[in-house]
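S.K.: Take a look at the following structure, please.
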Ligand code: ADP
Ligand code: MG
């Protein structure tokens with residue numbers, strides 16, 4: 001029996017639906033209309049040119065598979081775009097195109113997304129952050145008009161990157177009330193771009209960035225490998241630089257160590273200031289604790305404060321977490337704040353962060369999770385579920401251990417560096433578009449950490 005175009009496409013959709021998550025499916029595939037089927041060529045109409053590029057970029061494998069299954073080996077797919085009617089055009093012009101605009105305000109005023117609790121006043125200065133902090137203060141006085149543009153703040157987890165970035169933003173706002181500031185994360189940044197591709201409003205998005213005077217992008221390392229986002233960032237960079245606008249970027253590693261980042265972008269980061277945050281010295285840790293306790297209107301005995309500072313050295317978030325936890329335990333179980341209580345509390349924290357996570361351990365967790373024999377991860381098998389588990393293991397190994405691609409490959413039956421790199425890229429691509437997959441990875445990350453505790 002011969003299928004008509006609608007039936008053929010609907011069979012393709014059934015196959016594709018099984019391969020990708022619901023959200024991606026409804027975003028990218030639901031708007032497509034089948035137009036005709038002639039000589040094994042199925043023509044579909046996609047809403048925009050960008051959505052066509054996105055489909056080709058992200059879903060080519062699924063599309064090929066479906067066409068092959070439904071139309072046979074001679075099957076082909078062709079795309080067409082809708083003809084733009086005058087009506088469609090005028091409708092588009094009327095859309096509220098600036099995603100940051102607060103409705104009802106005449107001058108484009110954007111919602112800056114800043115956390116007002118992160119200020120310079122509660123950002124304790126120490127040798128560990130002196131340069132970054134004073135550069136931040138200088139930028140707040142003259143955003144875009146200091147040599148510190150872009151400003152790249154880098155430092156390990158919990159060392160105060162996000163706090164400092166917000167503090168600069170809040171201070172700019174205080175000193176320059178008409179200045180438009182936007183704080184954003186890779187997640188939001190990418191989402192906006194995906195949406196603008198879907199709605200064919202890329203130009204509008206680019207334009208809305210022109211209304212911003214200072215852009216803060218937190219945790220740029222997560223943009224690695226997201227080519228469209230990086231391209232956009234590159235354009236923003238150039239535009240900002242030419243127009244004396246301020247760009248502030250944070251990163252958990254030095255620019256040269258950022259993966260999946262374009263060289264042209266990295267080289268531009270050097271045009272400004274790269275400032276690092278070191279682990280805080282004893283005195284700074286002490287000052288941070290004291291400030292924190294003052295805010296909570298609570299006092300700890302000096303010996304307890306010192307005990308905490310001696311034991312928590314590498315992460316200010318943890319330092320704060322321990323204090324909060326001690327306060328909670330003392331209040332809830334009506335206990336005295338003493339070294340004993342501090343010791344118990346810290347033990348809980350430290351087991352978690354100081355133990356080393358090994359690649360073998362990661363392989364165990366992943367194999368278990370996918371109900372696979374662990375040896376299959378080292379094999380050359382191309383079976384889908386094995387490939388998937390292997391790629392996920394490599395991804396986790398890279399994130400948790402920061403080992404080189406080559407040495408990770410050695411743990412998987414001697415795979416080479418490019419295989420590992422490719423695998424990790426695959427996982428990242430899927431993370432970009434697949435919410436369910438993101439949750440799965442999230443769970444695995446927790447499992448990897450929890451298996452440490454015994
Ligand atoms: P990162 O973004 O580098 O992971 P955060 O900026 O989120 O770290 O900082 C972690 C926690 O430590 C936050 O609660 C922040 O307020 C606090 N913190 C970091 N640096 C300082 C500092 N110099 N003074 C006071 N608190 C700090
Ligand atoms: Mg942060």
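Numbering (the numbering used here), first residue to last: 1 to 454.
Note that the Cβ used here is the ideal one computed from N, Cα and C, for glycine as well.
In the DSSP assignment, find the unbroken alpha helix (DSSP H) run with residue 227 in it and report its ends.
M.R.: 227-242
S.K.: Just to check my reading of the structure: residue 281 and residue 126 have Cβ atoms closer than 8 Å, yes? What is that Cβ distance to the nearest angstrom?
M.R.: Indeed, because the Cβ distance is near 6 Å, the residues count as touching under 8 Å.
S.K.: Excluding five sequence neighbours on each side, which residues of the same chain lie with their C-beta closer than 7 Å to the C-beta of residue 29?
M.R.: 13, 16
S.K.: Consult DSSP for residue 274 and reduce its assignment to one of helix, strand or coil.
M.R.: strand
S.K.: Here's a check: name, in chain order, each residue in its chain whose Cβ is nearer than 6 Å to the Cβ of residue 144, leaving out the five neighbours to either side.
M.R.: Closer than 6 Å at the Cβ level, and outside the excluded window around residue 144, lie 244, 245, 246.
S.K.: On the DSSP letters alone, give me the boundaries of the beta strand (DSSP E) that residue 78 sits inside.
M.R.: 76-80
S.K.: So which of 263, 335, 315 has the shortest CA-CA distance to residue 158?
M.R.: 315
S.K.: May I ask you to report which of helix, strand or coil DSSP gives residue 2?
M.R.: coil
S.K.: In whole angstroms, what separates the C-alpha of residue 385 from that of residue 319?
M.R.: 41 Å
S.K.: In this structure, how does DSSP classify residue 19 when only helix, strand and coil are distinguished?
M.R.: helix
S.K.: So, helix, strand or coil for residue 33, using DSSP?
M.R.: strand
S.K.: For residue 218, does the count of other Cβ atoms within 10 angstroms reach 16, so buried, or fall short, so exposed?
M.R.: Classification of residue 218: buried, given that the 10 Å Cβ count is 16 or more.
S.K.: Tell me the DSSP secondary structure of residue 151 in three-state form.
M.R.: Strand, per DSSP.
S.K.: Go ahead and pull the three-state DSSP assignment for residue 445.
M.R.: helix
S.K.: What separation, rounded to the nearest whole angstrom, lies between the Cα atoms of residue 84 and residue 361?
M.R.: Low confidence applies to residue 84: its pLDDT is 43, below 50, so where it sits in the model is not reliable, and the reading given next is rough at best. Going by the C-alpha atoms only, they are around 56 Å apart.
S.K.: Locate the beta strand (DSSP E) running through residue 279, then write down its first and last residues.
M.R.: Run containing residue 279: none; DSSP gives neither H nor E here.
S.K.: Just to check, is the beta-carbon of residue 161 closer than 7 Å to a non-hydrogen atom of the ligand MG?
M.R.: yes
S.K.: Going by the CB atoms, is the gap between residue 291 and residue 124 shorter than 8 Å?
M.R.: yes
S.K.: Tell me whether residue 115, by its Cβ, gets closer than 7 Å to a heavy atom of the ligand ADP.
M.R.: no
S.K.: Could you have a look at residue 89 and say whether DSSP puts it in helix, strand or coil?
M.R.: Only weak support is given to the placement of residue 89: the predicted model assigns it a pLDDT of 36, under 50, and the question is left unresolved by the model.
S.K.: Considering only the beta carbon of each residue, do residue 240 and residue 264 sit closer than 8 Å?
M.R.: Inclusion of residue 240 and residue 264 in the CB contact set at 8 Å is not warranted, their separation being larger than that value.
S.K.: Could you check what DSSP says for residue 299 in three-state terms: helix, strand or coil?
M.R.: coil
S.K.: On the CB-based measure, 16 or more other CB atoms within 10 Å of its CB, does residue 89 come out buried or exposed?
M.R.: With a pLDDT of 36 at residue 89, under the threshold of 50, the predicted position of this residue should be treated as unreliable, and no value is reported.
S.K.: Roughly how many angstroms lie between the CA atoms of residue 288 and residue 401, to the nearest whole one?
M.R.: Note on geometry: alpha-carbon atoms of residue 288 and residue 401 lie some 29 Å from one another.
S.K.: In whole angstroms, what separates the C-alpha of residue 261 from that of residue 154?
M.R.: 15 Å
S.K.: Once the 5 residues before and after residue 71 are set aside, which same chain residues still bring their CB inside 6 Å of it?
M.R.: 40
S.K.: Could you round the C-beta distance between residue 148 and residue 137 to whole angstroms and report it? I think they count as a contact, below 8 Å.
M.R.: That belief does not hold up - the Cβ atoms of residue 148 and residue 137 are roughly 10 Å apart, past 8 Å.
S.K.: Given this structure, state the Cα-to-Cα distance separating residue 251 from residue 168, to the nearest angstrom.
M.R.: 16 Å
S.K.: For the ligand MG, I want to know if residue 57 counts as a neighbour, meaning its beta carbon is within less than 7 Å of at least one of the ligand's heavy atoms.
M.R.: no
S.K.: Let me confirm a value: residue 332 is counted as buried when at least 16 other C-beta atoms fall within 10 Å, else exposed. Which label applies?
M.R.: Within 10 angstroms of the beta-carbon of residue 332 lie fewer than 16 other beta-carbons, which makes it exposed.
S.K.: Within a Cβ cutoff of 7 Å, which residues of the same chain sit near residue 540, ignoring the five residues on either side of it in sequence?
M.R.: Past the edges of the chain, shown from 1 to 454, lies residue 540, and the structure says nothing about it.
S.K.: Can you tell me where the alpha helix (DSSP H) holding residue 41 begins and where it ends?
M.R.: Element bounds for residue 41: not the alpha helix (DSSP H) but the beta strand (DSSP E), 41-45.
S.K.: Secondary structure at residue 105, three-state DSSP: helix, strand or coil?
M.R.: Interpretation of residue 105 is limited by its pLDDT of 39, a score under 50 that renders its predicted location unreliable; no figure is taken from the coordinates.
S.K.: Helix, strand or coil: how does DSSP classify residue 118 here?
M.R.: Coil.
S.K.: Could you tell me whether the Cβ of residue 59 comes closer than 8 Å to any Cβ of chain D?
M.R.: Going by chain labels, chain D is absent from the structure shown, which holds only one protein chain.
S.K.: Taking only three categories from DSSP, how would you classify residue 360?
M.R.: Reduced to three states, the DSSP call for residue 360 is helix.
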